[in-house]
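Residue numbers (my numbering): 389 to 811.
As structure tokens, the structure follows; a few thoughts come after it.
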Amino acid sequence: MITRKRLAAGVCGLLAAIAVGLLPTPAVAGEPATKSSPKVELTLDVSGSMRARDIDGQSRMAAAKQAFNEVLDAVPDDVQLGIRTLGANYRGEDRKVGCKDTRQLYPVGPLDRTEAKTAVATLAPTGWTPIGPALLGAADDLKGGDATRRIVLITDGEDTCAPLDPCQVARDIAAKGIHLTVDTLGLLPDAKTRNQLSCIAEATGGTYTSVQHTKELRDRVHQLVDRAARPVATPKPTEGAQQCAGAPELKAGLYSDREKFAEHRWYRVAVRPGQELRASVSIAADRAVNNDYGVLLRASTVHGREIVRGAEAGDGRTDVISSGLRYPKAPLASSDDAEPATETVCLQVSNSFSAPASVKTDPGLPVELTVDLVDGPDDASDAAFFGLGHGWWYLIALVLTGLAAGLLWGWISRWRVTVWRTN
């Protein structure tokens with residue numbers, strides 16, 4: 389009897405172990421969660437001007453369809469792709485109605501290549517060019533999740549639905565802190581179209597490309613879709629304070645913020661003894677600004693005493709200006725079991741941008757702040773301690789060599805003069 393009970397218990401235990409093994413294993417604490425798939429929405433201009441036959445002997449619309457079909461065949465499996473159109477449906481002359489003519493042709497999600505190609509094949513050049521409303525619609529299509537999100541806008545002309553300025557729309561999208569990038573492609577663009585598309589791209593950290601041929605369009609769209617599938621470091625949104633006392637405390641990482649013209653913003657970083665704080669900041673001029681501007685990154689104590697600063701000035705030749713600093717905190721003189729006290733370092737980010745009266749200053753300029761905490765230099769011989777890099781040894785050696793050579797040459801010269809006088 390006892391033997392049978394033991395046998396039954398063993399069989400039950402074996403079956404339970406098999407059942408548990410077949411169940412999906414829960415995520416172990418500390419393991420990274422499954423990442424969301426990157427999202428891309430191709431936004432295509434289907435306005436009447438796309439009928440022009442000036443791209444490789446075919447119409448702009450035909451070139452776009454051909455490029456789309458080849459790109460759809462090569463979309464990575466882990467990319468969720470959608471297609472939105474602008475100016476594809478309304479043929480009338482009512483500008484108010486035409487400026488609402490944008491719709492999602494294919495929803496953002498896992499790609500059915502046959503269905504997407506069929507949808508693209510039905511397009512015919514029709515109406516207006518409501519770029520601003522199309523960008524707002526595309527941003528809404530891509531909302532949700534924390535993966536890479538990218539709009540690829542393809543158009544042959546500037547927006548025809550002012551006063552809704554597409555460039556301002558792009559700035560507003562960027563100011564939401566959702567890290568949505570807009571890349572723009574201009575088909576045989578004129579100067580006004582180039583300027584508008586460049587402004588849209590710069591406002592969101594995207595790129596602008598001028599396209600003259602079908603192959604260029606296909607290769608560039610494919611490159612942008614493929615780029616969305618690559619893992620990138622996404623800045624974490626934060627909001628600096630007007631003074632250090634109420635500033636957010638930042639850990640090591642990459643952060644994004646917005647700063648008004650000529651504004652000061654504060655952040656806090658806790659630095660332990662023996663660590664070195666390395667921080668850098670970049671501010672982008674995403675609209676027309678006056679020449680002669682600068683950026684200041686300053687580290688100070690909570691009592692206002694300056695520790696170190698980094699500053700950089702610009703004269704309008706670049707759209708981004710950056711500066712950085714390093715602060716090594718000395719290690720404790722004696723080690724004990726107590727937790728070492730940390731020092732709160734206040735980081736101040738300031739800018740001296742200004743703009744013409746016609747330029748909107750809201751939202752503020754995009755700011756990207758990098759904070760890193762590494763092991764500090766062990767002793768005074770560490771090159772990082774001096775901030776001179778490893779080249780300081782060569783500098784000292786060069787000085788000593790020059791001094792020795794000078795003394796030797798002076799002694800030889802005096803000896804030659806003495807011998808000459810004696811003879």
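For each residue, glycine too, the CB sits at the ideal point set by N, CA and C.
Which residues does DSSP pair with residue i in a beta bridge?
i      : result
VAL762 : GLU664
THR572 : LEU541 and TYR596
CYS734 : ARG656 and SER688
LYS624 : TYR643
GLY698 : LEU685
ASP433 : LEU474
ALA629 : TRP654
ASP753 : Note on residue identity: the sequence assigns Leu, not Asp, to residue 753. According to DSSP, LEU753 bridges with GLU647.
GLN454 : Answer is none; GLN454 lacks a bridge partner.
LYS385 : Past the edges of the chain, shown from 389 to 811, lies residue 385, and the structure says nothing about it.
VAL669 : SER711 and LEU757
ASN739 : VAL683
GLU637 : ARG656
ILE443 : GLN446
I want to see whether chain B comes within less than 7 Å of residue i, judged by CB atoms only; does it?
i      : result
ASP547 : Absent from the structure is chain B; it holds one protein chain and no more.
Give me, in chain order, the residues of the same chain whose beta-carbon lies closer than 8 Å to that of residue i; leave out the 5 immediate sequence neighbours on both sides.
i      : result
SER746 : none
ALA621 : LEU642
SER742 : PHE649, ALA650, VAL677, ASN678 and TYR681
SER688 : CYS632, GLU694, ILE695, VAL733, CYS734 and GLN736
THR810 : none
PRO636 : THR626, GLU627, GLY628, ALA629, TYR655 and ARG656
THR517 : ASP433, SER435, SER437, LEU474, GLY475, THR543, GLY545, GLU546, ASP547, THR548 and CYS549
ARG804 : none
GLU458 : ARG606 and HIS610
ASP763 : GLY662, GLN663 and GLU664
Near residue i, what residues of its chain come up, given a Cβ to Cβ distance below 7 Å and the 5 sequence neighbours on each side ignored?
i      : result
VAL428 : VAL467, LEU469, ARG538, VAL540, VAL613 and ALA616
ALA563 : ARG646 and PRO751
LEU761 : ALA640, VAL659, GLN663 and LEU665
PRO554 : ILE519, GLY520, LEU523, ASP547, GLN584 and ILE588
ALA718 : PRO661
GLN556 : LYS748
ARG802 : none
ALA785 : none
THR730 : ALA658, VAL659 and ARG660
Between residue i and residue j, how many whole angstroms is the CB-CB distance? I'm expecting something under 8 Å.
i      : j      : result
ARG479 : THR510 : About 15 Å; that fails the 8 Å criterion.
VAL708 : ALA672 : 5 Å
SER710 : SER738 : Wrong, their Cβ atoms sit about 14 Å apart, outside the cutoff.
LEU638 : VAL759 : 5 Å
THR597 : ARG582 : Wrong, their Cβ atoms sit about 10 Å apart, outside the cutoff.
SER447 : GLY475 : So it is not a contact: roughly 15 Å between Cβ atoms.
LYS505 : LEU460 : 6 Å
THR543 : LEU575 : 7 Å
ALA667 : GLY702 : Contact doesn't hold; Cβ gap of about 19 Å is too wide.
THR490 : THR502 : That pair is no contact at about 24 Å.
THR592 : PRO426 : With 8 Å as the limit, THR592 and PRO426 do not qualify as a contact, their Cβ atoms being about 16 Å apart.
HIS601 : ASP444 : 6 Å
HIS691 : PRO623 : Their Cβ separation, rounded to whole angstroms, is 30 Å, which puts HIS691 and PRO623 out of contact at 8 Å.
If you follow the beta strand (DSSP E) that residue i is part of, which residue opens it and which one closes it?
i      : result
ARG675 : Unbroken run through ARG675: none, as it is neither H nor E.
ARG714 : 708–716
Determine the extent of the alpha helix (DSSP H) in which residue i is found, giving its start and end residues.
i      : result
ASP614 : 602–616
CYS587 : 579–591
ARG556 : Here the sequence assigns Gln to residue 556, which means Arg is not the residue at that position. Per DSSP, GLN556 belongs to the alpha helix (DSSP H) from 554–563.
Excluding the five sequence neighbours on either side, which residues of its own chain have a C-beta within less than 6 Å of the C-beta of residue i, listed in chain order?
i      : result
GLN584 : GLU546
LEU684 : ALA699 and SER738
GLY533 : SER424
PHE456 : VAL508
GLY594 : THR569, VAL570 and ASP571
GLY486 : TYR478, GLY515 and TRP516
MET449 : MET438 and PRO513
TYR715 : LEU665, ALA687, ILE695 and VAL696
LEU430 : ILE471 and VAL540
LYS580 : GLU546
Task: Residue ranges of each alpha helix (DSSP H) within the stretch 461–520, 4 or longer - done: 483–486 and 501–509
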